[in-house]
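Colleague: Numbering (this note's numbering), first residue to last: 340 to 441. Below: one structure in C-alpha coordinates.
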(Lines of atoms letter the chains of each structure in order from A and count residues from 1; the text may use other names and numbers.)
(Lines give C-alpha, C1' and ligand atoms only; values in the text may rest on other atoms or scores of the structure.)
Protein backbone atom coordinates (compact mmCIF):
# COMPACT_ATOMS: atom_id res chain seq x y z
CA UNK A 1 0.00 0.00 0.00
CA UNK A 2 2.83 2.42 0.66
CA UNK A 3 4.17 1.83 -2.84
CA UNK A 4 0.81 2.68 -4.37
CA UNK A 5 0.62 5.95 -2.44
CA UNK A 6 4.14 6.90 -3.52
CA UNK A 7 3.35 6.20 -7.15
CA UNK A 8 0.27 8.44 -7.08
CA UNK A 9 2.35 11.32 -5.67
CA UNK A 10 4.97 11.16 -8.42
CA UNK A 11 5.13 14.29 -10.56
CA UNK A 12 3.17 16.44 -8.11
CA UNK A 13 6.05 18.88 -7.63
CA UNK A 14 6.05 20.01 -11.27
CA UNK A 15 2.60 21.72 -11.23
CA UNK A 16 3.38 23.36 -7.88
CA UNK A 17 6.71 24.69 -9.15
CA UNK A 18 5.10 25.87 -12.40
CA UNK A 19 2.41 27.76 -10.49
CA UNK A 20 5.04 29.28 -8.19
CA UNK A 21 7.06 30.48 -11.19
CA UNK A 22 4.00 32.04 -12.82
CA UNK A 23 3.02 33.79 -9.57
CA UNK A 24 6.58 35.07 -9.09
CA UNK A 25 6.57 36.43 -12.65
CA UNK A 26 3.24 38.19 -12.10
CA UNK A 27 4.43 39.76 -8.84
CA UNK A 28 7.64 40.91 -10.54
CA UNK A 29 5.66 42.44 -13.39
CA UNK A 30 3.31 44.23 -10.99
CA UNK A 31 6.22 45.63 -8.96
CA UNK A 32 7.92 46.77 -12.15
CA UNK A 33 4.80 48.64 -13.24
CA UNK A 34 4.49 50.23 -9.80
CA UNK A 35 8.12 51.33 -9.93
CA UNK A 36 7.74 52.76 -13.42
CA UNK A 37 4.67 54.75 -12.34
CA UNK A 38 6.60 56.11 -9.38
CA UNK A 39 9.46 57.20 -11.65
CA UNK A 40 7.03 58.93 -14.05
CA UNK A 41 5.38 60.77 -11.16
CA UNK A 42 8.76 61.84 -9.77
CA UNK A 43 9.88 63.12 -13.15
CA UNK A 44 6.64 65.05 -13.65
CA UNK A 45 7.00 66.61 -10.21
CA UNK A 46 10.62 67.61 -10.86
CA UNK A 47 9.65 69.27 -14.15
CA UNK A 48 6.76 71.06 -12.42
CA UNK A 49 9.11 72.33 -9.72
CA UNK A 50 11.70 73.69 -12.14
CA UNK A 51 8.97 75.18 -14.34
CA UNK A 52 7.48 77.01 -11.35
CA UNK A 53 10.88 78.36 -10.35
CA UNK A 54 11.61 79.55 -13.89
CA UNK A 55 8.19 81.18 -14.19
CA UNK A 56 8.56 82.86 -10.79
CA UNK A 57 11.99 84.28 -11.55
CA UNK A 58 11.71 85.09 -15.27
CA UNK A 59 8.04 85.02 -16.23
CA UNK A 60 5.53 82.64 -17.78
CA UNK A 61 7.34 82.40 -21.12
CA UNK A 62 10.50 81.21 -19.38
CA UNK A 63 8.48 78.63 -17.48
CA UNK A 64 6.91 77.35 -20.69
CA UNK A 65 10.32 77.18 -22.33
CA UNK A 66 11.78 75.16 -19.44
CA UNK A 67 8.82 72.77 -19.45
CA UNK A 68 9.07 72.24 -23.20
CA UNK A 69 12.83 71.68 -22.98
CA UNK A 70 12.13 68.91 -20.46
CA UNK A 71 9.54 67.23 -22.68
CA UNK A 72 6.49 68.43 -20.76
CA UNK A 73 3.32 70.20 -21.78
CA UNK A 74 2.20 73.17 -19.69
CA UNK A 75 -1.43 72.75 -18.67
CA UNK A 76 -1.59 76.05 -16.79
CA UNK A 77 0.50 78.83 -15.30
CA UNK A 78 -1.26 81.06 -12.79
CA UNK A 79 0.45 84.14 -11.43
CA UNK A 80 -0.72 86.33 -8.60
CA UNK A 81 1.06 88.96 -6.50
CA UNK A 82 2.81 86.45 -4.28
CA UNK A 83 3.27 83.16 -6.12
CA UNK A 84 3.26 81.30 -9.39
CA UNK A 85 1.40 78.00 -9.73
CA UNK A 86 2.00 75.61 -12.62
CA UNK A 87 0.55 72.33 -13.79
CA UNK A 88 2.52 70.30 -16.32
CA UNK A 89 1.97 66.94 -17.99
CA UNK A 90 4.67 64.53 -19.08
CA UNK A 91 4.38 60.87 -20.05
CA UNK A 92 0.65 60.96 -19.27
CA UNK A 93 1.21 62.17 -15.69
CA UNK A 94 0.23 65.60 -14.39
CA UNK A 95 2.01 67.38 -11.57
CA UNK A 96 1.72 70.80 -10.02
CA UNK A 97 4.06 73.12 -8.17
CA UNK A 98 4.19 76.62 -6.78
CA UNK A 99 6.99 79.12 -6.24
CA UNK A 100 7.13 82.55 -4.64
CA UNK A 101 7.12 85.32 -7.22
CA UNK A 102 10.22 87.50 -7.10
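C-beta: ideal position from N, C-alpha, C; glycine also.
Tell me which residues share the same chain as residue 383 and place their Cβ nearer than 8 Å to its Cβ, disregarding the 5 neighbours each side in the sequence.
Modeller: 411, 427, 428, 429, 430, 432, 433 and 434
Colleague: Could you check the C-alpha separation between residue 396 and residue 436 for me, to the nearest Å?
Modeller: 14 Å
Colleague: Is the beta carbon of residue 425 closer than 8 Å to that of residue 440?
Modeller: no
Colleague: Short of 7 Å in beta carbon distance, which residues of its chain neighbour residue 340, apart from the five on each side in sequence? Order them along the chain.
Modeller: A caution first: residue 340 carries a pLDDT of 49, below 50, which makes its placement in the model too unreliable to give a value.
Colleague: Please give me, in chain order, every unbroken run of the beta strand (DSSP E) with length at least 3 that falls completely inside the segment 363-432.
Modeller: For the segment 363-432, whole beta strand (DSSP E) runs of length 3 or above, ordered along the chain, are 412-418 and 422-429.
Colleague: Classify residue 357 as helix, strand or coil using the three-state DSSP reduction.
Modeller: helix
Colleague: Quick test of your reading: residue 420 and residue 413, contact by CB under 8 Å. State the CB separation rounded to the nearest angstrom.
Modeller: That pair is no contact at about 21 Å.
Colleague: Using 10 angstroms around the beta-carbon of residue 376, count the other beta-carbons present and answer buried if the total reaches 16, otherwise exposed.
Modeller: exposed
Colleague: Any idea what DSSP makes of residue 352, helix, strand or coil?
Modeller: helix
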